[in-house]
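Reading through the structure tokens given below for one structure.
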Amino acid sequence: KMTEETGKKIEEIVSKLFSAPRNSRSKSLGKRTGEIPSLIGRKRTHSSAMGLNITGNVAEGSLTGLPGSSKLSQAPTCKPWDRDDFFSRLSTFKSISWFAKPQVLSPVECARRGWINSDIDTVVCSYCGARLLFATPLSWTQQQVEKAAVVFSLKLEAGHKMLCPWINNACAEDIAHFPDVSSRVLAEDYKRRITSLSQIIALPAISLSTNFNFRSSRLMQYHE
Numbered sequence: 277k278m279t280e281e282t283g284k285k286i287e288e289i290v291s292k293l294f295s296a297p298r299n300s301r302s303k304s305l306g307k308r309t310g311e312i313p314s315l316i317g318r319k320r321t322h323s324s325a326m327g328l329n330i331t332g333n334v335a336e337g338s339l340t341g342l343p344g345s346s347k348l349s350q351a352p353t354c355k356p357w358d359r360d361d362f363f364s365r366l367s368t369f370k371s372i373s374w375f376a377k378p379q380v381l382s383p384v385e386c387a388r389r390g391w392i393n394s395d396i397d398t399v400v401c402s403y404c405g406a407r408l409l410f411a412t413p414l415s416w417t418q419q420q421v422e423k424a425a426v427v428f429s430l431k432l433e434a435g436h437k438m439l440c441p442w443i444n445n446a447c448a449e450d451i452a453h454f455p456d457v458s459s460r461v462l463a464e465d466y467k468r469r470i471t472s473l474s475q476i477i478a479l480p481a482i483s484l485s486t487n488f489n490f491r492s493s494r495l496m497q498y499h500e
């Protein structure tokens with residue numbers, strides 16, 4: 277009997293060592309399964325935060341498009357017939373950055389061939405991004421500058437990158453001209469201005485001293 281009881285006790289001890297109770301097993305599983313979703317939740321929160329940062333950077337213009345622009349720009353186009361596109365390029369030329377250039381390199385001639393003014397003495401193709409620099413030494417005579425400008429003007433046609441649609445595809449010369457207005461439209465505009473002036477009850481009063489000073493200054497200019 278003693279041996280049988282001893283054997284049973286040994287079996288119970290062994291069974292307790294190698295088999296965990298069901299409650300403890302379920303609790304441990306519950307803890308593990310509870311930890312896994314929390315980790316997944318953290319990862320998702322982190323990834324969503326990164327997504328917000330990326331969109332914020334794009335919205336703020338951290339990505340750049342064509343040269344001369346700090347924000348994301350639209351896809352470049354080549355429309356030599358489009359008057360609005362031409363004036364959009366022409367508006368980029370400023371006296372501070374494209375000053376006193378010869379006629380063959382005037383803003384109109386550059387804009388007709390797809391170029392925009394991006395920096396001092398620098399033009400960039402609005403389509404392919406090719407960059408040209410025209411700067412001459414101050415010691416040069418006007419004749420030397422004119423000759424250099426004639427040579428440089430050839431690059432306005434052929435200085436684009438390969439397969440750029442602006443190569444030898446300039447806008448028409450009359451695209452910079454004011455549009456023709458018919459006589460009927462001119463007459464209607466004239467009548468409209470006359471009507472607006474007739475609605476004025478009285479002209480603003482001008483003091484005699486102001487009128488005298490104005491006439492005196494004009495007389496001085498005439499005598500000079």
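Just add 276 to wherever you are in the sequence shown, counting from 1, and you've got my numbering. Yeah, the Cβ is synthetic: ideal placement off N, Cα and C, and Gly gets one too.
Candidates the options: closest to residue i by CA position
{"i": "PRO378", "options": "ARG407, GLN418, LYS467", "result": "GLN418"}
{"i": "ASP361", "options": "ASP397, ARG389, ALA376, SER373", "result": "ARG389"}
{"i": "LEU430", "options": "ASN393, VAL461, CYS440, ASN444", "result": "ASN444"}
{"i": "TRP357", "options": "THR471, LEU462, PRO441", "result": "PRO441"}
{"i": "PHE454", "options": "ALA351, PHE363, ARG469", "result": "PHE363"}
Residue i in three-state terms, based on DSSP
{"i": "LEU432", "result": "helix"}
{"i": "ARG469", "result": "helix"}
{"i": "VAL457", "result": "coil"}
{"i": "ARG365", "result": "helix"}
{"i": "SER300", "result": "With a pLDDT of 48 at SER300, under the threshold of 50, the predicted position of this residue should be treated as unreliable, and no value is reported."}
{"i": "ASP360", "result": "helix"}
{"i": "ARG389", "result": "coil"}
{"i": "ASP395", "result": "strand"}
{"i": "LEU462", "result": "helix"}
{"i": "LEU479", "result": "coil"}
{"i": "LEU439", "result": "coil"}
{"i": "LEU381", "result": "helix"}
{"i": "LEU414", "result": "coil"}
Proximal residues to residue i (C-beta, below 8 Å), its chain only, five neighbours per side dropped
{"i": "PRO480", "result": "none"}
{"i": "LEU366", "result": "PRO383, VAL384, ALA387, ALA452"}
{"i": "GLU449", "result": "ARG388"}
{"i": "CYS433", "result": "Sequence check: residue 433 is Glu here, not Cys. Cβ neighbours of GLU433 beyond the five flanking positions: ARG389, ILE443, ASN444, ALA446."}
{"i": "VAL427", "result": "none"}
Inter-residue CB distance, residue i and residue j (contact presumed, cutoff 8 Å)
{"i": "ALA425", "j": "VAL457", "result": "No, ALA425 and VAL457 are not in contact; Cβ-Cβ is about 34 Å, not under 8 Å."}
{"i": "GLY435", "j": "ALA411", "result": "No, GLY435 and ALA411 are not in contact; Cβ-Cβ is about 15 Å, not under 8 Å."}
{"i": "CYS404", "j": "LYS355", "result": "Actually they are not in contact, since the Cβ atoms of CYS404 and LYS355 sit about 15 Å apart, beyond 8 Å."}
6 Å Cβ shell around residue i - same chain, five flanking residues per side excluded
{"i": "ALA446", "result": "ARG388, ARG389"}
{"i": "ILE392", "result": "ARG365, THR368, VAL400, SER402"}
{"i": "VAL421", "result": "THR412"}
{"i": "LEU408", "result": "VAL399, LYS431, GLY435"}
{"i": "LEU462", "result": "none"}
{"i": "ARG501", "result": "Lying before the first or after the last residue shown, residue 501 is absent from the chain, which here runs from 277 to 500."}
Cut-off 7 Å between Cβ atoms - residues of its own chain near residue i, not counting five sequence neighbours on either side
{"i": "ARG359", "result": "ILE451"}
{"i": "SER373", "result": "ASN393, ASP395, ILE396"}
{"i": "LEU484", "result": "none"}
{"i": "ILE470", "result": "none"}
{"i": "ILE370", "result": "Contrary to the premise, residue 370 reads as Lys rather than Ile in this sequence. Hits under 7 Å: ASN393."}
{"i": "ILE482", "result": "none"}
{"i": "LEU439", "result": "none"}
Near the ligand ATP: residue i beta-carbon under 7 Å from a heavy atom
{"i": "SER474", "result": "Looking for the ligand ATP in the displayed structure turns up nothing, as the structure carries no ligands at all."}
contact_flag[the stretch 403-420, the stretch 467-480] where n(CB pairs < 8 Å) is 3 or more: no
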